[in-house]
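By the working numbering, the letter at position 141 of the sequence shown is numbered 143, and the numbering carries on one by one without gaps.
Ideal placement from N, C-alpha and C gives every residue a C-beta, glycine not left out.
The structure appears right after this line, and notes come after that.
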Amino acid sequence: MATFQIKEKMFSLGGKFTITDQTGLPCYHVEGSLFPLPKTFKVFDEEGHLISQIEKKVLSFLPKFNVTLANGNHFTIKKDFSFLKPHYTIEDLDMEVKGNFWDMDFQLLKDNQVIANISQQWFRMTSTYQVEVYNETYNDLTISLVIAIDYVKELEKNASN
């Protein structure tokens, strides 16, 4: 099992931050593009190897992100039209997300087995997430998923202000 803490920097130009393990050692580095069109995030491991790229689709009525992992796998996160609580769909993941997606308290399951638990730590100045991955082969995918979901939430928050 691997445990990570994702804590974004409050005043980071473009969205640069480090993801640490349970001991506080850096594991991943995230670099967001400076300009919003198209907004992209690149996730690197500690050795500097690209593990994923997250890109916001520009010409889309509702937010939509394509996530491409270094191993060639990809999935899409898109917001569905809803009048009440926000609803999102994750396409091409071959996994299930259970729990409260909007409040960032959910599980990632594959074949009814829990792969990861993701929970937001509240009462912090910046977005902070605790991520527990039970099968380490899914570390990169889970980290990339959380970063994409957090950015979708940030867009929603900014749009409502």
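Practice prompt. Could you please give me the residues that DSSP links to Glu134 through a beta bridge?
Written response: The residue you call residue 134 lines up with position 132 of the sequence shown. Residue pairing of Glu134 in beta bridges, as defined by DSSP: Thr5, Asn119.
Worksheet item: Assuming Ile120 and Tyr136 make a contact with CB atoms under 8 Å, what is their CB distance in whole Å?
Response: Here the question's residue 120 lines up with position 118 in the sequence shown. Here the question's residue 136 lines up with position 134 in the sequence shown. Rounded, the Cβ-Cβ distance is 12 Å, inconsistent with contact.
Worksheet item: Residue range of the beta strand (DSSP E) that Ser129 falls in?
Response: Taking the first residue of the sequence shown as 1, we reach residue 129 at position 127. Taken as a continuous stretch (DSSP letters only), Ser129 belongs to no beta strand (DSSP E), as it is neither H nor E.
Discussion item. On the CB-based measure, 16 or more other CB atoms within 10 Å of its CB, does Met97 come out buried or exposed?
Written reply: Taking the first residue of the sequence shown as 1, we reach residue 97 at position 95. Met97 comes out buried.
Worksheet item: Rounded C-beta distance between Thr78 and Glu93? I'm assuming under 8 Å.
Response: Here residue 78 corresponds to residue number 76 of the sequence shown, with the count starting at 1. Here residue 93 corresponds to residue number 91 of the sequence shown, with the count starting at 1. About 4 Å separates the two Cβ atoms, so the contact holds.
Fill in: Minimum C-alpha distance to Val148 - residue among Val60, Asn75, Val99
Residue mapping note: residue 148 aligns to position 146 of the sequence shown, counting from 1. Here the closest residue by C-alpha is Val99.
Worksheet item: When the Cα atoms are used, what is the spatial distance from Lys9 to Ile21?
Response: By one-based count along the sequence shown, residue 9 stands at place 7. By one-based count along the sequence shown, residue 21 stands at place 19. Each residue's Cα considered, the two are about 7 Å apart.
Item to complete: Give, in chain order, every unbroken run of the beta strand (DSSP E) that is at least 3 residues long and sits entirely within the region 45 to 119.
Response: Counting only runs of 3 or more, we get 52 to 58, 66 to 71, 76 to 82, 89 to 93, 98 to 102, 107 to 112.
Fill in: Thr20 - DSSP class collapsed to helix/strand/coil
Sequence index remark: in the sequence shown, residue 20 carries index 18 (1-based). Correct three-state label for Thr20: strand.
Worksheet item: Which of the three DSSP states, helix, strand or coil, is assigned to Glu33?
Response: Within the sequence shown, numbered from 1, the residue matching residue 33 stands at position 31. Note: Glu33 maps to strand in three-state DSSP.
Worksheet item: How many angstroms separate the CA atom of Val60 from the CA atom of Tyr90?
Response: In the sequence shown, residue 60 corresponds to position 58, counting from 1. In the sequence shown, residue 90 corresponds to position 88, counting from 1. If you take the alpha carbons of Val60 and Tyr90, they lie about 17 Å apart.
Item to complete: Within its chain, find whatever has a CB closer than 6 Å to the CB of Lys18; leave out the 5 residues flanking it on each side and keep chain order.
Response: Against the sequence shown, residue 18 aligns to sequence position 16. For Lys18, where only same-chain residues beyond five positions count, the Cβ hits under 6 Å are Glu33.
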